[in-house]
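Have a look at this one:
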């Protein structure tokens, strides 16, 4: 592995470089496929992969990712299984990685044990949608002890909370584009420009926009406003359709999204 | 540490999208709690519309039969809509109206909370959508029709195990999708702060009345207060006004389904472990990796893998005791109460009756105990018939 520039900062470190961040659910449809998909995404130019640790009750997810979680769990995926996937990826790649999951699997694994594994495997951060600003202390401390950053989220309803959240944000800020849950949307109506402007008042930390993005046009627009675009459901949908054979299509899709984002000045 | 803690339990483990709404809800609640006009309006609704105070009935035949403590039944089954759920719904809906909300959404298990919410939405002229596990819409078809009759839209939830926990998931998703004009009427003492506090306060009318009524009837406090526990709202409402009365045993009865030695139960305290789910830290039925376990109970209302955070705390400090009651014991108690006292109680409440039958004999005849009958059993008659192998044609 390369000498790391403080973890996640290398995702956004090139001046004027906009990031394309991809999500997938670990173990959907199986562990080997997840390893293959991540390496394929790397080849296609992805800047960061969010690996979803499946949870039985993902309350912030739309139907597409809910079903991926259930497929993965039915296939026997566990938290240890996800670490094993990362270990295999790390045999040939030093691609920046973060986890995305709900608090309970992390809590149950034991914070110290979980983040110790993250450090060992070079997972630089974690996104936990059911861990708001008020509760992050109990996770942030053990995570920081292992050099893992807990990524904060800002939502369309955050309003007066933005300053506090952004002021303490680590790694990058995940800006939730829309109300509701994850999933492809035809149109993103939130005034993201003004949300990003409020964030900028409080911090220089990069921010990337996720929720609802599926087309290169949308991704480019989000990258224009922020430092990157995050795409989940659109990729998981490809996997749902193609199963273990999804790699080529994922590669094509990621390449097209990366090109759209990279074209943004 | 965040707000809304009960020992290590509780908190606000919820998406950022909902945080400002929860903060607003808490502020409004704190304001109206102290507003005499609001309290008077709520009191009127509880008395004139829901039929409070509910009776504390001395079950003389049952007392004689069990040969121990005098048995009193707190008759929440006699409330309008047939359960204790209306206490909380009237409170929350009134609060929602004051907050300018025009639409109510709610989860429901057995359908009792859904029916109560649909009822109050009709009364207040508010829009109403209810989320109910597909499996529960099948087991409780009559309640689905009842909600529709009241003008609510019922969404059968087909994700996950298609029961109460999935209904909560889906209602949370809907709330985060549309929060401006919508209030989520959470039905139990669970979820993120301030819900466990708000629901407990609105349900405490049960225990406040019962305490006054028993003092009047017996001139003394009961040796025990017994109630069934799923999320735990009727139990918390029954227990809370007795918390400082250290000699009153507080006993919650959780669903042991087909037995604690099988995977088919919903006994959170007996078999669960500490976790974070549905916005709160508490005890949950879950596997070694923190995946929420599919739970089971004959009673749709107790078929929930968690328990309210304040119950978890009362368990930790030993102030309340939680005991498992199986399907078989509950069905026995359901029939027993019908034949002994002429009261068909909800199968949920029958869990409390079952435990009372076990322990009544341990007390002397000068002592008394209160069993909260959280609801009436009309909704369960068909399911009990099926359980007993009786073929019914409606």
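Chains as they are written, first to last, in my numbering: chain A, 260 to 524; chain B, 829 to 1222.
Ideal Cβ positions, reconstructed from N, Cα and C, are used throughout, including at glycine.
In this text, all values refer to a predicted model and were calculated from it rather than measured experimentally.
Listing by chain order, which chain B residues have their CB less than 7 Å from the CB of residue i?
i	result
residue 366 of chain A	1103, 1104, 1118
residue 413 of chain A	844
residue 325 of chain A	987
In whole angstroms, what separates the C-alpha of residue i from that of residue j?
i	j	result
residue 882 of chain B	residue 1077 of chain B	22 Å
residue 1090 of chain B	residue 923 of chain B	42 Å
residue 440 of chain A	residue 844 of chain B	12 Å
residue 1135 of chain B	residue 987 of chain B	21 Å
residue 263 of chain A	residue 359 of chain A	Bear in mind that a pLDDT of 44 at residue 263 of chain A, under 50, signals an unreliable position, so the number given afterwards is only what the model happens to contain. Computed Cα separation, rounded: 21 Å.
residue 1051 of chain B	residue 1029 of chain B	23 Å
residue 1000 of chain B	residue 889 of chain B	45 Å
residue 261 of chain A	residue 955 of chain B	Confidence at residue 261 of chain A is low in this model, with a pLDDT of 40, below 50, so the placement of that residue is unreliable and no value is reported for it.
residue 416 of chain A	residue 846 of chain B	8 Å
residue 300 of chain A	residue 293 of chain A	10 Å
residue 476 of chain A	residue 273 of chain A	22 Å
residue 1009 of chain B	residue 1053 of chain B	39 Å
residue 1220 of chain B	residue 1214 of chain B	8 Å
residue 869 of chain B	residue 431 of chain A	48 Å
residue 885 of chain B	residue 1148 of chain B	23 Å
residue 381 of chain A	residue 1185 of chain B	58 Å
residue 973 of chain B	residue 966 of chain B	11 Å
residue 1153 of chain B	residue 318 of chain A	30 Å
residue 1142 of chain B	residue 306 of chain A	49 Å
residue 362 of chain A	residue 1167 of chain B	48 Å
residue 1125 of chain B	residue 959 of chain B	19 Å
residue 1005 of chain B	residue 442 of chain A	12 Å
residue 450 of chain A	residue 412 of chain A	16 Å
residue 1171 of chain B	residue 331 of chain A	47 Å
residue 871 of chain B	residue 855 of chain B	21 Å
residue 276 of chain A	residue 996 of chain B	41 Å
residue 368 of chain A	residue 321 of chain A	25 Å
residue 861 of chain B	residue 920 of chain B	11 Å
residue 852 of chain B	residue 1128 of chain B	32 Å
residue 465 of chain A	residue 429 of chain A	9 Å
Along chain B, in chain order, which residues have C-beta atoms closer than 9 Å to that of residue i?
i	result
residue 451 of chain A	What residue 451 of chain A touches in chain B: nothing, since even the nearest Cβ is about 14 Å away.
residue 473 of chain A	By Cβ distance, chain B contributes nothing, its closest Cβ being about 18 Å from residue 473 of chain A, past 9 Å.
At a cut-off of 6 Å, is residue i close to the ligand PLP when judged by its beta-carbon and the heavy atoms of the ligand?
i	result
residue 286 of chain A	Summarising the ligand content, the structure contains no ligands, and the ligand PLP is consequently not present.
Chain A partners of residue i, CB-CB under 7 Å?
i	result
residue 1013 of chain B	By Cβ distance, chain A contributes nothing, its closest Cβ being about 17 Å from residue 1013 of chain B, past 7 Å.
residue 852 of chain B	In chain order: nothing, as chain A lies at least about 10 Å away.
residue 993 of chain B	316
residue 997 of chain B	316, 318
Output, in chain order, the set of chain A residues within a Cβ distance shorter than 9 Å of residue i.
i	result
residue 834 of chain B	Ordered by position in chain A, no residue passes the 9 Å Cβ test against residue 834 of chain B, which lies about 15 Å from the chain.
residue 916 of chain B	Those do not exist, as residue 916 of chain B stays about 22 Å from chain A at its closest Cβ, beyond 9 Å.
residue 1114 of chain B	315, 363, 367
residue 907 of chain B	Here the premise fails: no neighbours, minimum Cβ distance about 31 Å.
Quick one: which chain A residues come within Cβ less than 8 Å of residue i?
i	result
residue 849 of chain B	416
residue 841 of chain B	362, 389, 390, 391, 394
residue 1108 of chain B	Correct list: empty, because the minimum Cβ distance to chain A is about 10 Å.
Need the endpoints of the beta strand (DSSP E) that residue i sits in, please.
i	result
residue 1029 of chain B	Run containing residue 1029 of chain B: none in the beta strand (DSSP E); it sits in the alpha helix (DSSP H), 1023 to 1031.
residue 1081 of chain B	1077 to 1085
residue 385 of chain A	382 to 386
residue 1109 of chain B	1107 to 1112
residue 840 of chain B	837 to 841
residue 284 of chain A	278 to 284
residue 357 of chain A	356 to 359
Can you tell me where the alpha helix (DSSP H) holding residue i begins and where it ends?
i	result
residue 1056 of chain B	Unbroken run through residue 1056 of chain B is the beta strand (DSSP E), 1052 to 1057; no alpha helix (DSSP H).
residue 1148 of chain B	Careful: residue 1148 of chain B lies outside any alpha helix (DSSP H), inside the beta strand (DSSP E) at 1148 to 1154.
residue 973 of chain B	969 to 977
residue 806 of chain B	Residue numbering for chain B in the displayed model covers 829 to 1222; residue 806 of chain B lies beyond these limits and cannot be assessed.
residue 512 of chain A	506 to 521
residue 480 of chain A	475 to 484
residue 864 of chain B	864 to 872
residue 498 of chain A	492 to 501
Please list the partners that residue i has in chain B, where partner means a Cβ-to-Cβ separation under 8 Å.
i	result
residue 438 of chain A	845, 1004, 1005, 1006, 1007
residue 462 of chain A	The contacting residues do not exist; residue 462 of chain A stays about 16 Å from chain B at best.
Okay, do the segment 1035 to 1048 of chain B and the segment 1194 to 1213 of chain B touch, 3+ Cβ pairs below 8 Å being the bar?
yes
Would you say the segment 911 to 922 of chain B touches the segment 975 to 991 of chain B, given that touching needs at least three Cβ pairs under 8 Å?
no
Do the segment 1084 to 1099 of chain B and the segment 1204 to 1212 of chain B make contact, defined as three or more Cβ pairs closer than 8 Å?
no
Would you call the segment 367 to 378 of chain A and the segment 418 to 438 of chain A in contact, with 3 or more CB pairs under 8 Å?
The segment 367 to 378 of chain A makes no contact with the segment 418 to 438 of chain A: fewer than 3 CB pairs, one atom from each, lie closer than 8 Å.
Determine, using beta-carbon pairs with one atom in the segment 487 to 494 of chain A and one in the segment 273 to 285 of chain A, whether at least three such pairs fall under 8 Å.
yes
With a cut-off of 8 Å, do at least 3 Cβ pairs link the segment 425 to 436 of chain A to the segment 447 to 460 of chain A?
yes
Between the segment 871 to 882 of chain B and the segment 1176 to 1193 of chain B, do three or more beta carbon pairs fall short of 8 Å?
Verdict: no, contact absent.
Pairing CB atoms from the segment 1055 to 1064 of chain B with CB atoms from the segment 1016 to 1027 of chain B, are three or more of them under 8 Å?
yes
Would you call the segment 391 to 404 of chain A and the segment 433 to 451 of chain A touching, i.e. three or more CB-CB distances under 8 Å?
no
Is the segment 495 to 508 of chain A in contact with the segment 1107 to 1117 of chain B, if contact means three or more CB pairs nearer than 8 Å?
no
Name the residues in the segment 1045 to 1074 of chain B whose C-beta lies less than 9 Å from a C-beta of chain A; which are they?
none
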